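Only one structure is covered here, and it is reproduced in the block below.
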Amino acid sequence: MPKSLISIQDFTKEEILHILDVAEEMEHNKSQTFLSDKVVACIFFEPSTRTRLSFETAANRLGARVIGFSDAANTSIRKGESLKDTIKMVSNYVDLIVMRHPLEGSARYASEVASVPVINAGDGANQHPTQTLLDLYTIRQTQGRLDHININMVGDLKYGRTVHSLLQAMSHFSPEFEFTAPDELKLPQEYRDFMDSKGIPYKETADLREYLDSTDILYMTRIQQERFTDPVEYEKVKNVYSLNASMLSGVRPNMKILHPLPRLQEIATDVDETPYAWYFKQAENGMYVRMAIISYLLGKR
Amino acid sequence: METNDGKQLKVSAIKNGTVLDHIPSCQVFKVIDILGLSGSEHPVTFGVNLDSKSMGRKGIIKISERFFKDDELNKIALIAPNASVNIIRDFKVVEKKLLTIPETICGIVKCINPMCVTNHEDIPTRFRTIVKGSEIQLQCVYCEKITDL
């Protein structure tokens, strides 16, 4: 089975650091042609803007050609074709598959069926490892290091897969965490157990202001309506946090605000003009990191 | 032996085969299912709600002329972790074994996560076992969610 990237825990600390170094190389040299004999499939069974466009751009910038679809509606899936058959067929056409699918575990399954590497571009609420790697890249870019960083995670800590994957990945680098969430969206027990087992210190609050001035990275997340089964629960918490520029007067000078995007009202647009806003740069970094991951899995870096 | 005031055996002895003892009574039928005993050509006898000093009530299954591989038996460790396995030859117990919980469990259990791919596509389930004290948890290899037993 070729090496795939399905879950952030598939990569060792050394592999993570290698990807970040290669991504830095890509940022300095944005157009290369060493994959000009490769074809990459981007198969998206669920809508996406940033992830799909940045993967397609990443492959193109390395000289590879891209096939795929951005919506399962116009494919044989509508005729009832199984995921296994779709993957078997696509993996006979291409050198690497990038897949997003609404079912959890679909990417792991695809990697077992495919004869080429698979990159998980999001399997429902489960994993989105390339987001995690670009988060790590951005943290290192803004702080000059990954070790001993203080990260305040804000918003949907219950369903937010980026939060869960980032804290797993950061566990290699002796972090300190603050978790800012309303009671309904607090971090699940399994992740508290995980941090206890790794000896990682963390504090919790429901008040966004409480740890705002003592953090290096403010990791904001959207309250994701699509993850709620109960609309009443969503209505209760959807506007719980709203960060605006006036709240940032006492923050650390090195503090940067990250957000996996899309953002709603949780970050007011007046924050965009402050030196702390880094989420658009973070999205740009996604392209370099995806260039690095594609190159690595195809054995070119 | 599970005698009734010493007068008669509730589940009669077998000459050659395997005796699974100390199964929780409520799990006896599941064990029969998992080991595929319903298709057996040789006698299979079982009892439920038998008196037991250690368990209060227990179940027992005796399978004539069948000797299982450890892999097969360990599948039932999930539902009967304290079961004991007696290998019988010529009416004598020649070997006693305890079950060990396998590292992965294939099939048998369904993933609790309704959004897991194994509940939508024709895929055999696979779990990593996590032992937490006396509790056993199963982590789905696909969706990574934990199913409690």
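In order, the protein sequences belong to chains A and B.
In terms of this note's numbering, the first sequence has 257 at position 118, counting the first letter as 1, and numbering is strictly consecutive.
In terms of this note's numbering, the second sequence has 653 at position 24, counting the first letter as 1, and numbering is strictly consecutive.
The beta-carbon is built from N, C-alpha and C at its ideal position, and this holds for glycine as well.
It should be emphasised that the depicted structure is a prediction, and the values quoted were computed from it without experimental measurement.
Please name the residue, chosen from D234(A), G261(A), L235(A), V255(A), that lies closest to F246(A) on a Cα-to-Cα basis.
Reading off the sequence, residue 246(A) comes out as Ala, not Phe. With distances taken between Cα atoms, A246(A) lies closest to G261(A).
Give, in chain order, every residue of the region 745-758 of chain B whose Cβ lies closer than 9 Å to some Cβ of chain A.
C745, V746, T747, N748, H749, E750, D751, I752
Starting from the beta carbon of V770(B), find every residue of chain A whose beta carbon is closer than 7 Å, and list them in chain order.
R247
To the nearest angstrom, how far is it from the Cα of Q148(A) to the Cα of R204(A)?
29 Å
Have a look at T632(B) and L679(B) and give me their C-alpha separation to the nearest angstrom.
Summary for T632(B): the model assigns pLDDT 48, below 50, so the residue's position carries little reliability, and this model does not support an answer.
Take E670(B) as the anchor and find which of K644(B), I692(B), I741(B) has the nearest alpha-carbon.
I692(B)
What are the start and end residues of each continuous beta strand (DSSP E) run of 3 or more residues lying completely inside the region 320-376 of chain A, in chain order?
341-344, 356-359
Where do the ends of the alpha helix (DSSP H) carrying F419(A) lie?
418-436
Listing by chain order, which chain A residues have their CB less than 9 Å from the CB of I775(B)?
E329
Spatial distance of R200(A) from W417(A) (CA atoms):
23 Å
What does DSSP give as the partner residues of A180(A) in its beta bridges?
I206(A), I236(A)
H287(A) to E243(A), Cα distance in whole Å?
32 Å
At the 8 Å Cβ level, is A345(A) part of the contact set with chain B, yes or no?
no
Quick one, which residues of the region 211-234 of chain A are near chain B if we go by CB-CB under 9 Å, in chain order?
S221, L222, K223
Determine, for N424(A), whether the minimum Cβ-Cβ distance to residues of chain B falls below 8 Å.
no
Going by DSSP, what residues sit across from R755(B) in a beta bridge?
C735(B)
Unbroken stretches of the beta strand (DSSP E), 3 residues or longer, contained in the region 653-710 of chain B
673-681, 685-693
Does I741(B) get closer than 8 Å to chain A when you measure Cβ to Cβ?
no
Starting from N265(A), find everything on chain D with Cβ-Cβ shorter than 7 Å and list it in chain order.
As a matter of chain content, chain D is missing from the structure shown, whose protein chains are A and B.
Where does N259(A) sit, in a helix, a strand or coil, going by DSSP?
strand
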